[in-house]
Structure formats: structure tokens, C-alpha cells
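**Student:** FYI, in our numbering the residues of the sequence shown are 175 to 656. Virtual Cβ for every residue (Gly too), placed ideally from N, Cα, C. As the structure is a computational prediction, the values presented were derived from the model and not from experiment. Here you go, one structure.
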Amino acid sequence: MKRYFFLLLTIAISTGVGAQQKWDLRQCVDYALQNNISIRQTDLQSQFSALNFIQNKAGQLPSLSLGGSSGFRLGRSENPTTGVLEDNNFFNLGMQLQSGVSLFNWFAIKNNRESSRLSWEADKSQTRKVMDDIALNVAVSYLQTLLAREQVKVAAVQVEQVRAQLRDTRKRVDAGVLPELNAAELEAQLARDGAGLISAETTAAQLLLQLKAVLNLDAAVDFDIATPPVDQIPVDPLAELQPELVYLTALQMLPQQKVNRLRIEAAEKSVSAARGRLYPSVTAFGSLSSNAISFKHEIYNQVLTGYNTTGARVNAGGVFFPVEVPSFKQGDNIVGYFRPDGLGRQLNTNLGQSVGLGLNIPVFNGRSARINLDRSRLQVQQLQLQLEQGQRQLKQDIYKAYTDAVAALQKYEADKKVLTTAEKSFSFASKRYDLNLLSAFELINSQGNQQRARIQALYSKYDYVFKMKLLEFYKGQGIKLQ
């Protein structure tokens, strides 16, 4: 029954996803950010860094431990409460409370804590950087899918146009106005354009499937995207996207630059912590301890066996008498038992305290402390070089993106003019064809020029939009199509 419940639940979820409306870019990005594995991995790394920071932060607090031990001792052993060897069997209990704290270590612990905090901040920024990369990848795939669908529309219009021409030509051929060759050439062109339409539809379907993969969406899920007209996609003016301004803004806004700066700051704190470990450190410690035992010792009756003369004498009226003491032996009758005080009272009576200061002076440790310091310094230099290289690469990318955007705009404007000219040329060709002043081959050639001009203008338009969106992304504005 439980298995069927989960099966129905899975079907319901899949149906719900499939029944959703067409996704716009924001919905696609939000879904990708929630389900991308790379983001989950970087987020886990951020959580590890957070735990490391919490641990280092707690390292500044005093340590406190409570311990205890108990057991039975048999035969001749030391009484822990008196330190005397005894022939006895007893139960012993020991308890100890210890505490220690670092008073001064040249701020090694503090700098180590700050280093872990900055590393945590860097990992959080790294997560945001990965999220931005995923959003950019989704936007690229989304725009590619939109372009492919626009190409499908253009190809479909071309097919309908040729089909209409073929119907008109067939009527004129049947009426004996035009030769059969004209109809045959248009039929061949219709077949070619039909194949082109199928190819465009296949490309659009493949790109939609690729977008699913970028979203980490199951390939079997019914999924479609909204197709806003490319003319309605807002883009900032080029004057507001000057490369130097974009670069200066990117240095402050892009997460990767923040990651690099935080990594350097964390490494510098590690250098300070490593330097502090070269010098003496002072600690304080204290402890409370106590012991208790428990046993039952039999008390036997004493039997008088006589008197023994000692070496001592007593003067009684000038007469010295020897001193005699009674002699006893242990009888066979138990007259009672001896037990120590209760455990609680013994623990209180035997309570001991200690407190003190410790001084640790590193004299020689195989140069490990010095090498750790040198290694930390090299790490700082390496990160600084990475920062410099990253900034240079970022500047080159932004200037290249700006140059590409300017070129894309110029190409788009030129392709629009080409399209206008091609449309006029085809319009004239169609009129000449209707007047039997143009062959079908010449008409098809003119129509092909128009088709290629349409596709090229469409491609240039999307290429220009993408180049501008890339500049906006570098400026820290994200990717927006609405």
C-alpha cells in the first residue's frame, strides 16, 4: 500500500509540473538555483566553513572537563584517601574537575578565528558566484531557444509563401500561361523549404531539451517557455555601459572579486596567527579533585593471653617496679564492623584544589612554526597574484564584450538594411513573375535571398541583445528579459 501511495504521489507531482504555465526566464532561473547540484555543493562547503568558524570562535573560551573513575581493589594496594598500603578489599571512587584558558598567545587564536570567519564569508560569496554563473547559463540557453523558435516561424512563413506561389503557378500552368518547369522548380523549392522547417523544428526541440538539462529538470516532464518578442526585451543604452565604468562597477559588484579579496584577507590573518605561534604563550589552569573509598572491615573479640614485661620501670617510694602490659590475641567472634564515612562526606573531606599559570616557550620544533609562517606568506602572495590576474582578465572580458556589443549593433543595423532591400527586391520579383516577366528560378533565387536576410537579421538581433545583456551582467544588473 505504501508503495502505491508513493507512486501516486510521484504521478501527481509530475502532472503538476507538466500542467504549469509556460516558464519565463525568471521562473527558469529560480528553478535552476533551487535544484542545481553545483550550488548545493558550494553551499555545503560554506556550511563546513561556518562550522570551522564556530569551532575556532569557541576555542577562545576556557576549557572545562569533568571526569570520574571507580573500581574495586583487591589484596594489598594503596588506599587513595591516605596513600597507605593496606591489605584490604575496597571500592574506590575518584572525581576531578579541570579547567584551562589561554591568557595571551600574541593573538594567534584571535587571528585564527578571524581567518576562518573571512574564509566563511568567501565561501558564501563563492556560492553567489556559482548562482550568477548558473543564471547566466540559463539565460544563454533560454535566448538560444527563443532564437531557434523565431527561426521556426521564419521557416514556416517561407513554406507557406512558396506553397501559395506553387498553387498560383499550378493554376497558370494548367491554363497554359506558364510552362510546367515553373511548377516543378517551385515544387522542388517547397520540398527544400519543408526540410529546412523540419530541421529548424528539430533544432528548437533539441535546444529546449538542452535547457531542461541546464535547469536539472527531468527530460520526461512536459515543459515549455514563454517567448517574449525580442523587440520588447529591454537593453540599456551603450552610453551607460562604457567599459571602464562597467569594469569599476564589476570590481565592487561581482561575487568573484569579493571572493578573491576575502581570500587574501583570510590568508593575511593566517600569517598573523602563524607569527604569533613563534612567541611564548601564557595559560592558566585549575582543578578540583577528590577521592572516596567504601569497605567493610570485621572487628573480632580480643582474648587476654597474659602480661608482658617491658623495659620501662616505675619508681614507687624508692622502689622500681617493672611495667607489664597485657597481651591479647584475636578471637573468633565478630563483635562488629568498621566502615569509613559516607561517600559524600569523604568527597567533601578529601577535596583538593589547584590553580596555576603555564608558560610555553617554543625553542625548537623542527622549524615547523617558521615554515608554517613562510607557507602562509606565500599563500598571500599567490592569492594576490590570482586577484591581479582575475582583475586583468575581467577588464579584458568587459572591453571585449563592449567591442562585441558595438560590432553586434552595427551588424544588426546593417542586416536590417539588407533585409529591407531583400524584401523590396522580392516584392518586385513577385510582381514581375506575376506578369510572366521573370522565371521561377529567378523568383526562387530572390525569395532565397530574402529568407537568408531574414534569418541573418534575426540572428543579429538576438546576438546584439545577448551581447548587451552580458555587459549588463558584468555591471551587476543580472539577466532580465522583461
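Can you tell me the Cα-Cα spacing of Glu587 and Ala627, whole angstroms?
**Tutor:** Rounded to whole angstroms, Glu587 to Ala627 spans 12 angstroms at the Cα level.
**Student:** Nearest-angstrom Cα distance between Glu375 and Met427?
**Tutor:** Straight-line Cα distance between these residues: approximately 40 angstroms.
**Student:** What is the C-beta distance between Tyr421 and Lys643, in whole angstroms, given that I count them as a contact (C-beta under 8 angstroms)?
**Tutor:** Tyr421 to Lys643, Cβ: 17 angstroms. No contact.
**Student:** Kindly indicate which residue of Asp297, Gly241 and Ile438 has the alpha-carbon position closest to the one of Phe227.
**Tutor:** Cα-wise, what sits closest to Phe227 is Asp297.
**Student:** On the DSSP bridge assignment, give the partners of Glu130 in chain order.
**Tutor:** This structure gives no information on residue 130, because the portion of the chain shown stretches from 175 to 656.
**Student:** Opposite Trp197 in the DSSP bridges: which residues?
**Tutor:** According to DSSP, Trp197 bridges with Ile399.
**Student:** Have a look at Met305 and Asp608 and give me their C-alpha separation to the nearest angstrom.
**Tutor:** Their Cα atoms are separated by approximately 58 angstroms.
**Student:** Near Tyr316, which residues of its chain fall below 8 angstroms by C-beta distance, leaving aside the five closest residues on each side in sequence?
**Tutor:** Once the five neighbours on either side are set aside, the close Cβ partners of Tyr316 are Leu199, Cys202, Leu385, Ile399 and Leu655.
**Student:** Starting from Gln426, trace the alpha helix (DSSP H) in both directions and tell me its first and last residue.
**Tutor:** Run containing Gln426: Pro417 to Met427, per the alpha helix (DSSP H) assignment.
**Student:** CB Phe278 to CB Val456, shorter than 8 angstroms?
**Tutor:** In this structure, Val456 lies closer than 8 angstroms to Phe278 by Cβ.
**Student:** By the three-class DSSP mapping on this structure, what secondary structure does Asn524 have?
**Tutor:** Asn524: coil per DSSP, three-state reduction.
**Student:** Could you check the C-alpha separation between Thr595 and Glu334 for me, to the nearest Å?
**Tutor:** Going by the C-alpha atoms only, they are around 21 angstroms apart.
**Student:** Buried or exposed for Arg449, going by 16 or more other Cβ atoms inside 10 Å?
**Tutor:** Flag for Arg449 reads buried.
**Student:** Could you give the DSSP three-state label for Phe640: helix, strand or coil?
**Tutor:** Phe640 falls in the helix class under three-state DSSP.
**Student:** Is the CB-CB distance between Ala614 and Glu354 below 8 angstroms?
**Tutor:** No, the Cβ-Cβ distance between Ala614 and Glu354 is not below 8 angstroms.
**Student:** In this structure, how does DSSP classify Val328 when only helix, strand and coil are distinguished?
**Tutor:** Of the three classes helix, strand and coil, the one that applies to Val328 here is helix, per DSSP.
**Student:** Let's see if you can read the secondary structure: which residues bound the beta strand (DSSP E) around Gln270?
**Tutor:** Run containing Gln270: Phe264 to Phe278, per the beta strand (DSSP E) assignment.
**Student:** May I ask which residues mark the beginning and end of the beta strand (DSSP E) holding Gly144?
**Tutor:** The requested residue 144 does not occur in the structure, where the chain is confined to residues 175 to 656.
**Student:** Please look up how many angstroms separate the CB atoms of Phe602 and Gln621, rounded, as I've assumed it's under 8 angstroms.
**Tutor:** Contact doesn't hold; Cβ gap of about 12 angstroms is too wide.
**Student:** Thinking Phe459 and Gly532 are a contact (beta carbons under 8 angstroms), I'd like their distance in whole angstroms, please.
**Tutor:** Between Gly532 and Phe459 the Cβ distance is about 6 angstroms, and since that is below 8 angstroms, they are a contact.
**Student:** With the cut-off set at 8 angstroms, would you say Leu478 and Pro500 are in Cβ contact?
**Tutor:** A contact, by the Cβ cut-off of 8 angstroms.
**Student:** What residues in its chain sit with their C-beta under 7 angstroms from that of Gln558, if we drop five residues either side in the sequence?
**Tutor:** Cβ within range, chain order: Ile438.
**Student:** Would you mind stating whether Val592 and Ile407 have Cβ atoms separated by less than 8 angstroms?
**Tutor:** No; because the gap between Cβ atoms is not below 8 angstroms, this pair is not in contact.
**Student:** Given 8 angstroms as the limit, is there contact between the region 320-332 and the region 572-583, that is, 3 or more CB pairs closer than that?
**Tutor:** Contact fails: fewer than three Cβ-Cβ distances are below 8 angstroms.
**Student:** Tell me which same chain residues have a C-beta within less than 6 angstroms of the C-beta of Trp197, skipping the five on either side of it?
**Tutor:** So the qualifying residues of the chain are Ile399.
**Student:** Is Gly370 buried or exposed, if buried means 16 or more other CB atoms sit within 10 Å of its CB?
**Tutor:** The residue is buried, with at least 16 neighbouring Cβ atoms inside 10 Å.
**Student:** Excluding five sequence neighbours on each side, which residues of the same chain lie with their C-beta closer than 8 angstroms to the C-beta of Glu597?
**Tutor:** Result list for Glu597: Gln624 and Ala627, in chain order.
**Student:** Output the boundary residues of the alpha helix (DSSP H) element that contains Val388.
**Tutor:** Unbroken alpha helix (DSSP H) run through Val388: Glu354 to Leu389.
**Student:** Skipping 5 residues on each side, what residues in its chain have a beta carbon closer than 6 angstroms to that of Gln658?
**Tutor:** This structure leaves residue 658 out entirely; the chain is present only between 175 and 656.
**Student:** One question on the structure: do Ser273 and Ser237 come within less than 8 angstroms of each other, judged by their Cβ atoms?
**Tutor:** Yes, they are a contact pair.
**Student:** Rounding to the nearest angstrom, what Cα-Cα distance links Tyr545 and Tyr453 in this structure?
**Tutor:** Note on residue identity: the sequence assigns Ile, not Tyr, to residue 545. Rounded to whole angstroms, Ile545 to Tyr453 spans 14 angstroms at the Cα level.
**Student:** Can you give me the C-alpha to C-alpha distance between Ser461 and Leu292, rounded to a whole angstrom?
**Tutor:** Whole-angstrom Cα-Cα distance: 36 angstroms.
**Student:** Could you say which of Arg337, Asp571, Val336 and Ala357 lies nearest to Arg344 if we only look at CA atoms?
**Tutor:** Answer by Cα proximity: Ala357.
**Student:** Compare the Cα-Cα distances from Tyr481 to each of Val488, Ala447, Asn524 and Val497 and report the closest residue.
**Tutor:** Of the candidates Val488, Ala447, Asn524 and Val497, the one whose C-alpha sits nearest the C-alpha of Tyr481 is Val497.
**Student:** Are Ala282 and Arg451 closer than 8 angstroms when you measure CB to CB?
**Tutor:** It is a contact, given that the beta carbons lie within the stated cut-off.
**Student:** Report yes if the CB atom of Phe264 is closer than 8 angstroms to the CB atom of Ser468, and no otherwise.
**Tutor:** Taking 8 angstroms as the Cβ cut-off, Phe264 and Ser468 qualify as a contacting pair.
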